[in-house]
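First up is the structure itself, then whatever we jot down about it.
2 protein chains.
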Amino acid sequence: MLEQIFYPVSIAVVGASRDRGKVGNIILRNVMSTFTGKVYPVNDKVDSVEGLPAYRSLVGIGEQVDLAIISVPKDAVINVMEDAGKAGVKGAIVITSGFRETGDSGARLEEELKTVANKNGVRFLGPNTMGIVTPSFNATFTYVDVKHGGIAIVAQSGGMGAYMLTWAQRTGTGLSYFVGLGNQADVSEVDVLRFLGEDSETKAIFVYLEGVSNGPRFLEEIPEVTRRKPVAFLKGGASNAGAAAAGTHTGSLAGSYELFRAAVKSVGGMFVDDLRDLLNLAKVVNSNEPLRGDVLVITNSGGHGVLAMDEISRNSLNPAKMPPRIQSELTLKLPAHASPRNPVDLGGDANAELYAEALRVVQDLDCTKLVIVQALATVSCVEVARAISRMRGKGLVGVVMGMDEDAAARILDAAGVPAFRFSEDAVRAISRYLNRREPRLKLRSPTPVPGAIDIIEGKQYLRDEDAFKLLELYGVRVPPWAVVDDPNVAMKEAERIGFPLVMKISPDEPVHKTDIGGVRLNVERDNVEGYFAELSKMSKRVLLQRQLAGVEVFVGGIRDQVFGPAILVGLGGIYVEVLRSVSYGLSPISEQEALEIMSESKVVDALTARKRGYDVGSTARAVARISNMIVDLNVKELDVNPLIVNENGAFAVDVRIKL
Amino acid sequence: MLEQIFYPVSIAVVGASRDRGKVGNIILRNVMSTFTGKVYPVNDKVDSVEGLPAYRSLVGIGEQVDLAIISVPKDAVINVMEDAGKAGVKGAIVITSGFRETGDSGARLEEELKTVANKNGVRFLGPNTMGIVTPSFNATFTYVDVKHGGIAIVAQSGGMGAYMLTWAQRTGTGLSYFVGLGNQADVSEVDVLRFLGEDSETKAIFVYLEGVSNGPRFLEEIPEVTRRKPVAFLKGGASNAGAAAAGTHTGSLAGSYELFRAAVKSVGGMFVDDLRDLLNLAKVVNSNEPLRGDVLVITNSGGHGVLAMDEISRNSLNPAKMPPRIQSELTLKLPAHASPRNPVDLGGDANAELYAEALRVVQDLDCTKLVIVQALATVSCVEVARAISRMRGKGLVGVVMGMDEDAAARILDAAGVPAFRFSEDAVRAISRYLNRREPRLKLRSPTPVPGAIDIIEGKQYLRDEDAFKLLELYGVRVPPWAVVDDPNVAMKEAERIGFPLVMKISPDEPVHKTDIGGVRLNVERDNVEGYFAELSKMSKRVLLQRQLAGVEVFVGGIRDQVFGPAILVGLGGIYVEVLRSVSYGLSPISEQEALEIMSESKVVDALTARKRGYDVGSTARAVARISNMIVDLNVKELDVNPLIVNENGAFAVDVRIKL
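Note that the protein sequences, when read in sequence, are chains B and R.
Mapping the first sequence onto UniProt numbering, position 401 (from 1) lands on 401, and the numbers just tick up by one.
Mapping the second sequence onto UniProt numbering, position 544 (from 1) lands on 544, and the numbers just tick up by one.
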């Protein structure tokens, strides 16, 4: 898979320039200085470039070329791709920019490029990519000298890619691959991640994306990768302003940030908020220390200990419990003014020996030991870093602060112990790494419940009675109801349903019934006739429903352009708009996933507050069933608002379905 | 004010040791190497220390000593303080630890120290402080060599203080003062901040606190300081675990993080979440660039631009609008593949000249220009830093990323342009600096409304009728009500109030009426008698209220140990517990402050959602009046839950008051 790009035996650089400031020259030199196979510069004007004979075209080389790196003016790219086909080239990297990211005419050129490449059987990365670095060659136009190692970096943006390469160089982080995705006209992020998933040298993958090229493939194939190794995702385009910028920039649809987050969770990836989080996470992933969610803090500064404990609580980690035996032992070994609890405060006059002593006592506790050292007159970071290094493999993480923190960090890096400058960074990175979850496969294929198709056939919107029937077919309960257009029938149905009632207009097209005064609550026997008269002036048909009390939950369904059917769950009623406390899932979801989403969006809290014991299980079941229905029937938009939940179950009270 | 500590003419170091690893020796050497006045080592065993003649005691010096720095074993501190009194010393810094931070016996020793010092007229910092640095001497036990400048640092924790000193040294940040507060037995953070507020060399103050020593003084006096210069606060002890650690550590009551945040806002300070935020803020405060809330991003990396725009939106700043004239000019000056919008994306091949060109075009726009450079083959950070420096004074902030970022940051620092490594850091710091507000003085002295005292006199809890009368005296509306103990009176009052009614039990002691089944909703004429019979079995007296529809708001009052009366406002009903979306204010608050708190806690959103136009003004008025009542009547706890708000106003429906 993608061998033609990542494992070439010979490489041609098309557009190889003699001008050392030009991209085409820099790439050639980078390839020449790293690749041990044959390298062919292609330049239609000169005879040699950088001491190698130059060829007029790919066809003119006359020998087998596996990979062509193309850096020619954008109007020449199509011809080069045609040549590549004729010359039997199987892989290409199109560096040239000016395609989809610049607007409609660029997009048309990109389509043409894709067609030509497909026709000729050439797989290609780009266009508008900054290139790749593999264990055997560097085909980028940045100068980098990174160590070989286990981290793979995939970046959609060139600048972001260059940043991460520089970061790897500065921090001595070893890389297996670097891949600039560019516009993903042919090879996409999913292709690249699958390749890296199978690559035995790659231990973990870090990805910067502005959009996903193919949502369903992402959801289906990425779990294969996350099962083998950790994959972290940073997404650009969170805000509207950011999304607009992403649109200009790589021509990708930025899509919904929240859905991307749901997708990453669903495929078992690690989601990070910003670049720093991504880089910090890399430190933790790249280390060999066995880390746990229980964290013990050891410090010579009470203040730093306080801040670290704050951050542990904020990030869903736990302060490690200090067993009495260990506490007694620490009390014996530490000076009187030290504190043997968590945080272990060694005191402002602690030296490196005292750190070593404390570490020996706690070394076998099954927890992460976050060792914070503030360089003071009595202790240096380097001394403590040495003490930590000697204890490596015991779940250690270092935070070093002082004039010699760089040197101390290098000592810890060399020992494979993650080193940070702020305890907040350490804690967040540990949390992101440990709190990722198993991927969930979305394998259910649409299998509509018998009878469902008959209800929806040929309709764009469903009337109340159809919507209720459909939900009941899917096992979602609705309160006793009737739709009537006659006052006598209304009275009869009201008696059957029972009081108090809710009466609402029931028009064919969906409207906001409350906003236009089309709802009557607390309807008793005496009011049925009068209300029917009022409401039937607004709509021929009137809905009668048993009035229920309980917590109002909102369940929404949308069809996302990228990820397809998705479900939203949150607190209902006005709180949907006011709080926007809604969490997302990609349909279909299981009851377990429904429960997770309900927890995130505080629905579970609302159902269980004041010990009321409302039916959480039924709610999760209803949400999961609605998510199945959305998939089966290709629902475009759905609002169940509210789903009323009480001790008897979860009941869909108001439903709007667009097909 | 505090001249005896900060402006001494002569200094004695008591406990000056010959051992160069001991705190008492390090302090002496630091003082000797910085102070130009007389220095007297005091040591009762040797005749000289570090080449100076040593004295047996303070009294034995026989010359005027202004400041005594005390670093002797804790059991000797009291005697030294007595000596100081006899020798006419007026100021002291007690370095020695082992006092309140270690428990009860230490606390008693600290009280004794305070008494002795007061009796002798000695003002002192500490105990358990790491000392101070002033423009004329260094009396700490860390080795620091910081530049002189305009930033003052105040730290309660020694380790945190050392950290900030190291940071100043590493970044070349110039300091006016550094003050380690220690246990604040005598001189408190308020004293120190007032001194620094009046100090003409101090431009801005950065404070790390774990607790406030005296809430009312903090609230009353800090506004004097923030009116003159920016003051930033970082609080340790946010979480329970953190607060517990803070308790161990400095013996201070960590107090409520949320109330501290409210207090900082109220006094016009800047509140930061963590150490990094504090340090980044210092960069912005320390620069001379005129910054604005509208931000224009200029970058050579689309990806970085996208992330920066995201962060701008997240931090209540605005993307600057690009005027068409400027956009046209940029289009002329920039290459075709660049984007002249916001972010201005100069393209991956931009060089420093292109940056300079773009900066010239946008220089006079009234906005912050966030210039992001990713070092690439065609451009280095240093080159762009030079271009930025030449344009300084135009609202510039730099973000430099690449191998030469350190050098570039130094160039920007030297030019007085804030320099960052992550655009997130830059954006957050700008936001914290610009989004601080004017201090609010809490000057209202308790002036109970006539008649209020008569109602509350001698009571611990108020019965429903007293609570309603009290609220009405304070101008807070309540729905029509009656408390009755007779079925016939109930019927008569019900007719007067109007239907539908709410009927509730009305016992003398407060109970959760709903939880024990003591509430009947939607009561019509027919039900009054029956419900009265049911409820009067549970409590002799029964409350009748007109039933209102509207949004439920929660208003709470507490009396905080540190800050005194405070008010909480949030969405009411079950959402108080579920969402904990509650914001805090320190009572009394104005209507304007009430409005701010209501905005923070989404109450305003709820009142205005779906264009319903519920009465926001009346709600703010009611909240402000309740906050006055809390202060006037010394209310211990108060719950108005709910305050029901609709188009007719805000009505207190259920009230619990503890005096």
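Note that CB positions come from ideal geometry on N, CA and C, so glycine has one too.
CA-to-CA distance, Gly498(R) to Met491(R), given in whole angstroms: About 11 angstroms.
C-beta atoms of Val77(R) and Ala12(R) nearer than 9 angstroms: Contact: no.
Length of the line joining the Cα atoms of residue 697(B) and Leu234(B): Not covered by the structure: residue 697(B). The range shown for chain B is 1 to 659.
Assigned secondary structure, Lys265(R) (DSSP; H/G/I helix, E/B strand, else coil): Reduced to three states, the DSSP call for Lys265(R) is helix.
For Pro73(B), the first and last residue of its enclosing alpha helix (DSSP H): It is not in any alpha helix (DSSP H) - Pro73(B) carries neither H nor E in the DSSP assignment.
Closer than 8 angstroms at the beta carbon, the chain R residues around Met401(B): What Met401(B) touches in chain R: Tyr163, Thr166.
Contacting residues, own chain, Cβ-Cβ under 6 angstroms from Val384(R) (five flanking each side not counted): Shown here for Val384(R): same chain residues with a beta carbon closer than 6 angstroms to its own, the five before and five after excluded, namely Ala352, Tyr355, Val373 in chain order.
Beta carbon proximity, Asn138(B) to chain R, threshold 9 angstroms: It does not: the Cβ of Asn138(B) has no partner Cβ on chain R nearer than 9 angstroms.
The beta strand (DSSP E) enclosing Ser176(B), as first and last residue numbers: Per DSSP, the continuous beta strand (DSSP E) segment holding Ser176(B) begins and ends at 175-180.
Nearest to Ser213(R) (by Cα), restricted to the options Phe260(R), Val225(R), Leu412(R): Considering only alpha carbons, the answer is Phe260(R).
Beta-carbon proximity list for Val361(R), same chain, < 7 angstroms, skipping 5 on both sides: Ile326, Glu329, Leu330, Lys333, listed in sequence order.
Backbone CA spacing between His512(R) and Met270(R) [nearest angstrom]: Rounded to the nearest angstrom, the two C-alpha atoms are 39 angstroms apart.
Among Gly518(R), Leu501(R), Ala152(R), Gly98(R), the one whose alpha carbon lies nearest that of Asn527(R): That would be Leu501(R), whose Cα lies nearest to the Cα of Asn527(R).
Below-9 angstroms beta-carbon distance, Thr378(R) vs any chain B residue: Among the residues facing chain B, Thr378(R) is included, as its CB has a counterpart in that chain under 9 angstroms away.
Inter-residue spacing [alpha-carbon to alpha-carbon] between residue 667(B) and Asp632(R): Within the shown structure, residues of chain B are numbered from 1 to 659, placing residue 667(B) beyond reach of any answer.
Chain R within 9 angstroms of Ala375(B), Cβ atoms only: Taking 9 angstroms as the threshold, the shortest C-beta distance from Ala375(B) to chain R falls below it.
Closer than 9 angstroms to chain B by CB, Gln156(R): Nearest CB-CB separation between Gln156(R) and chain B: below the 9 angstroms threshold.
Within-9 angstroms CB hit, Ile26(R) to chain B: Chain B, which has a Cβ nearer than 9 angstroms to the Cβ of Ile26(R), makes this yes.
Near-chain R residues of the stretch 290-304 of chain B - C-beta to any C-beta below 9 angstroms: Taken in chain order, the members of the stretch 290-304 of chain B whose beta-carbon sits within less than 9 angstroms of a beta-carbon on chain R are Val297, Thr299, Asn300, Ser301, Gly302, Gly303, His304.
Straight-line gap, Gly251(B) to Asp104(B) (C-alpha atoms, nearest Å): Residue placement at Gly251(B) cannot be trusted, given a pLDDT of 43 that sits under 50; what the coordinates show is reported in the next sentence. Roughly 10 angstroms separates the two Cα atoms.
Nearest neighbour of Asp639(R), chosen from Ser136(R), Lys537(R), Ile505(R), Leu471(R) [CA to CA]: Of the listed residues, the one whose Cα sits closest to Asp639(R) is Leu471(R).
Contact residues within the stretch 306-321 of chain R, judged by C-beta distance below 7 angstroms to chain B: Those residues of the stretch 306-321 of chain R that come within reach of chain B (Cβ to Cβ, closer than 7 angstroms) are Val306, Leu307, Met309, Asp310, Ile312, Ser313, Arg314, Pro319.
In chain order, each alpha helix (DSSP H) run of at least 4 residues that lies wholly inside the UniProt domain "ATP-grasp" (468-504) of chain R: Correct list: 487-497.
Given 8 angstroms, three or more beta-carbon pairs between the stretch 458-465 of chain B and the stretch 423-441 of chain B: Flag = no, the stretch 458-465 of chain B and the stretch 423-441 of chain B do not touch.
Whether Gly182(B) touches Thr134(B) by CB criterion (9 angstroms): Not a contact, by the Cβ cut-off of 9 angstroms.
Residue of Trp167(B), Phe124(B), Met1(B), Ile69(B) minimising C-alpha distance to Asn138(B): Closest option to Asn138(B), Cα to Cα, is Ile69(B).
Range covered by the beta strand (DSSP E) that runs through Val397(B): Taken as a continuous stretch (DSSP letters only), the beta strand (DSSP E) holding Val397(B) covers 396-401.
Separation of Lys504(R) from Val484(R), as counted between CA atoms: Those two C-alpha atoms are separated by around 11 angstroms.
Distance between Lys114(B) and Phe99(B) (C-alpha atoms, nearest Å): Using only the alpha carbons, I get a separation of about 11 angstroms.
Bounding residues of the beta strand (DSSP E) (the contiguous stretch that carries Phe195(B)): Looking at the DSSP string, Phe195(B) is not in any beta strand (DSSP E); the run it does join, the alpha helix (DSSP H), is 189-198.
Whole-angstrom C-beta distance between Tyr614(B) and Gly550(B), which should lie under 8 angstroms: Sure, about 6 angstroms apart at Cβ, within 8 angstroms.
Close-in-space but distant-in-sequence residues of the same chain around His249(R) (CB under 8 angstroms, 5 per side omitted): Residue placement at His249(R) is flagged as unreliable, the pLDDT there being 46, under the threshold of 50; the coordinate-derived value follows with that caveat. If you ignore the 5 residues before and after His249(R), its C-beta comes within less than 8 angstroms of the C-beta of Glu101, Ser157, Glu210, all in its own chain and listed in chain order.
DSSP-derived helix/strand/coil call for Val645(B): DSSP, reduced to helix, strand and coil, places Val645(B) within a strand of the structure shown.
His148(B) burial status per 10 Å Cβ neighbour count (16 or more: buried): Exposed, since its Cβ has fewer than 16 Cβ neighbours within 10 Å.
Rounded separation between Ser256(B) and Thr142(B) - CA only: For Ser256(B) and Thr142(B), the distance between alpha carbons rounds to 32 angstroms.
Minimum C-alpha distance to Pro507(R) - residue among Ser539(R), Ile93(R), Lys45(R): For the residues Ser539(R), Ile93(R), Lys45(R), the minimum Cα distance to Pro507(R) belongs to Ser539(R).
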